[in-house]
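Novice: This is the structure I want to talk about, given as structure tokens.
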Amino acid sequence: MDIFKLEAINKAILRASKMVFAGSSILFTSNTIADEQLEEVVVTAQKRVQNAQDIAMNITTLVDESLSELNIKDFADYVLQLPSVSSLQRRPGMGQLFMRGISDGGNANQSGQQPSVAIYVDEAPVTAIGDNLDVHIYDIERIEVLNGPQGTLFGASAQAGNLRIITKKPGSEFDAGGSFSVSSTHTGSTSDLFEAFINIPLSDNAAVRIVGFSDNDGGYIDAVADSITYPVSGITRTNEKYVKNDFNEAMTSGYRAALRIDLNDSWSLDANVMGQETETKGIWDHDPDRLGDYKVGRFFEDSQDDDWTKFAATISGDIGFADITFTTSVLERDFQVFNDYSHYSVNGYVESYYTCYTYYFGDCVDPSIQYENYTVQDIETTELRIASKDNAKLNWILGTFYSESDTGFNSQWHIPPIHPDAKVPTTKDLYYQTDQRRSDEETAYFGELYYQATDRLLITLGQRKFENETKLKGFSGTVWWPSSIYGSSTRPDNVNSNFKGDDTISKLNLSYDINDDTLVYVTHSEGYRPGGANRTLQIGAFYEADFLENREIGFKHTSSDGRFRFNGASYQMDWDDIQLSWFDPSISLLTLVDNVGKASSDGFDIDATYLMTDQWKASIGYAVNDATLKEDYYLRGVVRATDGQDLPFAPDKKYTFNLSYDYSDNSYGQINYVKTGGMWSDLMADTRQRQAPYGILNASWTLIRDDLSIQFFGENLTNKVAELYKNIQDVQPLVTVNRPRTIGIKFSWKLKK
0 MDIFKLEAIN KAILRASKMV FAGSSILFTS NTIADEQLEE VVVTAQKRVQ
50 NAQDIAMNIT TLVDESLSEL NIKDFADYVL QLPSVSSLQR RPGMGQLFMR
100 GISDGGNANQ SGQQPSVAIY VDEAPVTAIG DNLDVHIYDI ERIEVLNGPQ
150 GTLFGASAQA GNLRIITKKP GSEFDAGGSF SVSSTHTGST SDLFEAFINI
200 PLSDNAAVRI VGFSDNDGGY IDAVADSITY PVSGITRTNE KYVKNDFNEA
250 MTSGYRAALR IDLNDSWSLD ANVMGQETET KGIWDHDPDR LGDYKVGRFF
300 EDSQDDDWTK FAATISGDIG FADITFTTSV LERDFQVFND YSHYSVNGYV
350 ESYYTCYTYY FGDCVDPSIQ YENYTVQDIE TTELRIASKD NAKLNWILGT
400 FYSESDTGFN SQWHIPPIHP DAKVPTTKDL YYQTDQRRSD EETAYFGELY
450 YQATDRLLIT LGQRKFENET KLKGFSGTVW WPSSIYGSST RPDNVNSNFK
500 GDDTISKLNL SYDINDDTLV YVTHSEGYRP GGANRTLQIG AFYEADFLEN
550 REIGFKHTSS DGRFRFNGAS YQMDWDDIQL SWFDPSISLL TLVDNVGKAS
600 SDGFDIDATY LMTDQWKASI GYAVNDATLK EDYYLRGVVR ATDGQDLPFA
650 PDKKYTFNLS YDYSDNSYGQ INYVKTGGMW SDLMADTRQR QAPYGILNAS
700 WTLIRDDLSI QFFGENLTNK VAELYKNIQD VQPLVTVNRP RTIGIKFSWK
750 LKK
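Letter by letter, the sequence shown follows residues 0 to 752 in numbering that gives the first Met the number 0.
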């Protein structure tokens, strides 16, 4: 452990804290000093209700007021505002999260490794490989980001951290409200959003809360005239049929209904159902070097339909010496994707073996490819836990967790004019198909012990024992590969893999209250991703779990009569047996997963909020990160990534700044600026590209009269063209790009009994 490096980082944070503390004491010394205090932030990061300032953990929160003021409505919006979080997202509903630089580059293949960040909605995990739920953010209590490994309490995929979306629960009083907004994007189309909720008491001990929304995002990417000439056949394909301005549109609609019943003075029931459908057309990539900003050439349909429903129920009770919680959930998801894949045939083997193999199939035909994917997913989770009352000396939490997921995915690569003998048997026009079913099952037992050694020293010990099993079965291949089925009338299954694994992870935390306003802590924690099965027996039929070890020093401080809050943490993390997706056609035409080596991530996170007067409030979040490989990565004897190379999607720094002004409850405004540092798009040295740093400026002003309000807002006011993802996902060099400058107005209303 490089403790000297960790201490140096921590000293830098403490020096910064002293500077900020000094500034806070002299910035406002007259009668303009605020009489009010910062609101307490309540979280459930340790599966019990607590003040965030009392928890020895680095937590970032976006509370309901911030979500509304910043116009946060989806995955891309909240990721932008989280300093320790980065992402990979090509279109709505296809997002992957990374925290503190722990990134393998992402994997959108449902047969691949699990993500390194867990996502929860209330009590239930909704983590998915490559395509995390893009939950619409409305009537949300808060978003909690638990930075660093959270494996003991939250288990699989909470390797680098956990993001939790906490919905608002039914209340005892009637309440209702809604909003409608319309906005215009520079050089793009208009967008509109309608949202509403109603809370209805059913009796003295029961209530329901219902939410509905409809969001239409106008496009800003133009699909322009383009052509492809294929080298073997000389065939040229044009795209007149697919030319359209502002062709990347997204339409999201959904609902949420929650019921709360107080069964008696000691027991309660929470049940809810939520559903959402997102339909997209086009892509969010452009081809700036070849065609210009916000322009792209496409040769087949690009669209997506993502439809999901989640059911959940939680029973909580007081059994005297402890509180008991039983929670269960079911997520049913069905999505399909259509994507242009025509460029794949330019440099690949498609023409030589499938569309221009004249000896077997006659004349050459157009090798352009339309990709389609159909996925059906069911995830069931159950957790039972028991937590002690708040005792003076000793507290604890014990639990068991079980999850079972079943994913069926059928990926199809269509070549419409393909010769019947060149296609996969039993299909219409597929040169390649992956039709498989994956099942994952995990059982875990966990606990944490909290011992108050002295009035100021708290010791926390945690452990989780887990067992998991992954099964993968089906077909993947072509008429020639992996074994010839040319001339056959059947399509045999050629994948049947299985993996079982188990292990134990632990946690140690020491926290010390210097005084009533300042807490310091040290943590040693672990996180993991479970192992799994590959799609082939040719090499590496399975891969083992990988582990992240975290050493962290942090502090939490409140001063100036509760008007100033300053938190920080420095960390050093080691990542062993990294699960990495790789592709080598000399071994397999499938993307496989292997445990490849070691990496580390060192850095620090800080956040500060200062209520300067009753009207003015400023806040800043800042994250610095150095995430690198710790040894060369070899593939078939060739170095593909070198020791010391930066991990992908790990910006060297990211910060957010907010300045708000609240004028006598009649109006308020704010300015928000986010700066994201440069990062790499891939781990492999021969394919990765450097993505430039960028800054996004947003602002809003809201006028309030009684229960009505009007908000004027602007997003990306400097019209920055940000490189979100330089990719070759469609075997065509493209760049996922953000929305240009957008100006809008939002009308909101509330109804109370």
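Where a beta carbon is used, it is the ideal one built from N, C-alpha and C, also for glycine.
Give me the Cβ distance between Leu682 and Ile101, rounded to the nearest whole Å; I'm assuming they're in contact under 8 Å.
Specialist: Taking the sequence shown and counting its residues from 1, the one referred to as residue 682 is at position 683. Taking the sequence shown and counting its residues from 1, the one referred to as residue 101 is at position 102. About 12 Å separates the two Cβ atoms, so there is no contact after all.
Novice: Given Tyr511, which residues of its chain have a CB within under 6 Å of its CB, disregarding the five upstream and five downstream residues?
Specialist: Within the sequence shown, numbered from 1, the residue matching residue 511 stands at position 512. Cβ within range, chain order: Arg455, Leu456, Val519.
Novice: Between the C-alpha atoms of Ala544 and Glu440, what's the straight-line distance to the nearest angstrom?
Specialist: Residue numbering aside, residue 544 sits at position 545 when the sequence shown is read from its first letter. Residue numbering aside, residue 440 sits at position 441 when the sequence shown is read from its first letter. So the two alpha carbons sit approximately 14 Å from each other.
Novice: Between which two residues does the beta strand (DSSP E) harbouring Asp191 extend?
Specialist: As a position in the sequence shown, residue 191 is number 192, starting the count at 1. Looking at the DSSP string, the run of the beta strand (DSSP E) that includes Asp191 is 189-202.
Novice: To which residues does DSSP link Tyr449 through a beta bridge?
Specialist: One-based indexing of the sequence shown puts residue 449 at position 450. Tyr449 is bridged to Asn394, Thr459.
Novice: Let me know the secondary structure DSSP gives Val210 once reduced to three states.
Specialist: Along the sequence shown, one-based indexing puts residue 210 at 211. Val210: strand per DSSP, three-state reduction.
Novice: Please classify Thr235: is it buried, with 16 or more other beta-carbons within 10 angstroms of its beta-carbon, or exposed?
Specialist: The sequence position of residue 235 within the sequence shown is 236, counting from 1. Exposed, because fewer than 16 other Cβ atoms sit within 10 Å of the Cβ of Thr235.
Novice: Can you give, in chain order, each stretch of the beta strand (DSSP E) that sits fully within the stretch 479-525 and has at least 3 residues?
Specialist: 494-512, all fully within the stretch 479-525.
Novice: Taking only three categories from DSSP, how would you classify Gln688?
Specialist: On the sequence shown, position 689 is the one that residue 688 refers to. When secondary structure is reduced to three states using DSSP, Gln688 falls in the coil class, being assigned neither helix nor strand.
Novice: Among Ala617, Ser599, Asp593, which residue has its Cα nearest to the Cα of Ala607?
Specialist: Reading the sequence shown from its first residue, position 608 is the one you call residue 607. Nearest in C-alpha terms to Ala607, of all of Ala617, Ser599, Asp593, is Ala617.
Novice: Do you know whose CA, among Val42, Ser188, Ala222, lies nearest Asn57's CA?
Specialist: Counting from 1 along the sequence shown, the entry for residue 57 is found at position 58. Per the Cα distances, Val42.
Novice: Can you name, in chain order, every residue of its own chain whose Cβ lies under 6 Å from the Cβ of Val78, other than the five neighbours on each side?
Specialist: Counted from its first residue, the sequence shown places residue 78 at position 79. Closer than 6 Å at the Cβ level, and outside the excluded window around Val78, lie Val84, Ser86.
Novice: Just the Cα atoms here: how many angstroms apart are Glu140 and Tyr570?
Specialist: By 1-based counting over the sequence shown, the position of residue 140 is 141. By 1-based counting over the sequence shown, the position of residue 570 is 571. If you take the alpha carbons of Glu140 and Tyr570, they lie about 29 Å apart.
Novice: Express the C-alpha separation of Ile709 and Leu591 in angstroms, rounding to a whole number.
Specialist: As a working mapping, residue 591 is identified with position 592 in the sequence shown. As a working mapping, residue 709 is identified with position 710 in the sequence shown. Cα to Cα, the separation comes out at about 52 Å.
Novice: Could you please give the first and the last residue of the uninterrupted beta strand (DSSP E) stretch that includes Asp795?
Specialist: Because the chain spans 0 through 752 in this model, residue 795 falls outside it and cannot be assessed.
Novice: Using 8 Å as the limit for Cβ to Cβ distance, is Leu201 near chain C?
Specialist: This model lacks chain C altogether, as it is built from one protein chain only.
Novice: How is Tyr353 classed by DSSP in three states: helix, strand or coil?
Specialist: Taking the first residue of the sequence shown as position 1, residue 353 is located at position 354. Helix at Tyr353.
Novice: Between the Cα of Ile378 and those of Leu393, Ala311, Leu61, spot the shortest distance and give me the residue it belongs to.
Specialist: Position 379 of the sequence shown, counted from the start, is the residue given in the question as residue 378. Checked all of Leu393, Ala311, Leu61; the closest Cα to Ile378 is Ala311.
Novice: Check each candidate in Met611, Ile197, Tyr621, Lys629 and name the one with the smallest Cα separation from Ser599.
Specialist: As a position in the sequence shown, residue 599 is number 600, starting the count at 1. Here the closest residue by C-alpha is Lys629.
Novice: What separation, rounded to the nearest whole angstrom, lies between the Cα atoms of Asn394 and Trp748?
Specialist: In the sequence shown, the residue the question calls residue 394 occupies position 395. In the sequence shown, the residue the question calls residue 748 occupies position 749. Distance between the alpha carbons of Asn394 and Trp748: 44 Å.
Novice: Are there 16 or more other CB atoms within 10 angstroms of the CB of Lys745, so buried, or fewer, so exposed?
Specialist: Here residue 745 corresponds to residue number 746 of the sequence shown, with the count starting at 1. With 16 or more other Cβ atoms within 10 Å, it is buried.
Novice: Using CA coordinates, which residue listed in Glu403, Phe445, Glu331 is at the minimum distance from Arg384?
Specialist: Taking the first residue of the sequence shown as position 1, residue 384 is located at position 385. The residue with the shortest Cα to Cα distance from Arg384 is Phe445.
Novice: Inspect the beta-carbon positions of Arg562 and Gln88 and report whether they are closer than 8 Å.
Specialist: For the purposes of this step, residue 562 is taken as the residue at position 563 of the sequence shown. For the purposes of this step, residue 88 is taken as the residue at position 89 of the sequence shown. No, the pair does not count as a contact, with Cβ atoms beyond the cut-off.
Novice: Across the stretch 391-408 and the stretch 61-78, are there enough close Cβ pairs to call them in contact, namely three or more that are closer than 8 Å?
Specialist: Short answer: they don't touch.
Novice: In chain order, what are the residue ranges of uninterrupted beta strand (DSSP E) at least 3 long that sit wholly in the stretch 355-427?
Specialist: 369-387, 393-413
Novice: What does the Cβ neighbour count give for Gly361, buried or exposed, with the cut at 16 atoms within 10 Å?
Specialist: Within the sequence shown, the letter at position 362 stands for residue 361. Per the 10 Å Cβ criterion, exposed.
Novice: Would Thr354 be called buried (16 or more neighbouring beta carbons within 10 Å of its own) or exposed?
Specialist: In the sequence shown, residue 354 corresponds to position 355, counting from 1. Classification of Thr354: buried, given that the 10 Å Cβ count is 16 or more.
Novice: Over the uninterrupted beta strand (DSSP E) stretch that includes Ser65, give me the two end residues.
Specialist: Position 66 of the sequence shown, counted from the start, is the residue given in the question as residue 65. Per DSSP, Ser65 belongs to no beta strand (DSSP E); it is in the alpha helix (DSSP H), 63-68.
Novice: Go through its chain and collect everything with a Cβ distance to Phe20's Cβ below 6 Å, but skip five positions before and after it.
Specialist: Numbered from its first residue, the sequence shown carries residue 20 at position 21. Interpretation of Phe20 is limited by its pLDDT of 41, a score under 50 that renders its predicted location unreliable; the figure taken from the coordinates is listed afterwards. The answer is none, since no qualifying residue turns up.
Novice: Where does the unbroken beta strand (DSSP E) through Tyr633 begin, and where does it stop?
Specialist: For this step, residue 633 is matched to residue 634 along the sequence shown. 632-634 is the span of the beta strand (DSSP E), which, as asked, contains Tyr633.
Novice: According to DSSP, is Lys719 helix, strand or coil?
Specialist: In the sequence shown, the residue the question calls residue 719 occupies position 720. Three-state DSSP puts Lys719 in coil, outside helix and strand.
Novice: What is the C-beta distance between Ile260 and Ser267, in whole angstroms, given that I count them as a contact (C-beta under 8 Å)?
Specialist: For this step, residue 260 is matched to residue 261 along the sequence shown. For this step, residue 267 is matched to residue 268 along the sequence shown. With a Cβ gap of about 7 Å, Ile260 and Ser267 count as contacting.
Novice: Since I believe Thr184 is in contact with Thr741 (beta carbons under 8 Å), could you give me their beta-carbon distance rounded to a whole number of angstroms?
Specialist: As a first step, residue 741 must be located in the sequence shown, where it is residue number 742. As a first step, residue 184 must be located in the sequence shown, where it is residue number 185. Going by Cβ atoms, the distance from Thr741 to Thr184 rounds to 5 Å, so yes, they are a contact pair.
Novice: Tell me which residue opens and which closes the beta strand (DSSP E) that Gly150 is part of.
Specialist: One-based indexing of the sequence shown puts residue 150 at position 151. Careful: Gly150 lies outside any beta strand (DSSP E), inside the alpha helix (DSSP H) at 150-153.
Novice: Based on the DSSP output, what are the partners of Tyr667 in its beta bridges?
Specialist: To locate residue 667, count along the sequence shown from 1; it is residue 668. Beta-bridge pairing links Tyr667 to Asp661, Thr701.
Novice: Mind checking whether Phe246 and Ile220 have CB atoms under 8 Å apart?
Specialist: Start at 1 with the first residue of the sequence shown, and residue 246 comes out as number 247. Start at 1 with the first residue of the sequence shown, and residue 220 comes out as number 221. Contact flag set, yes.
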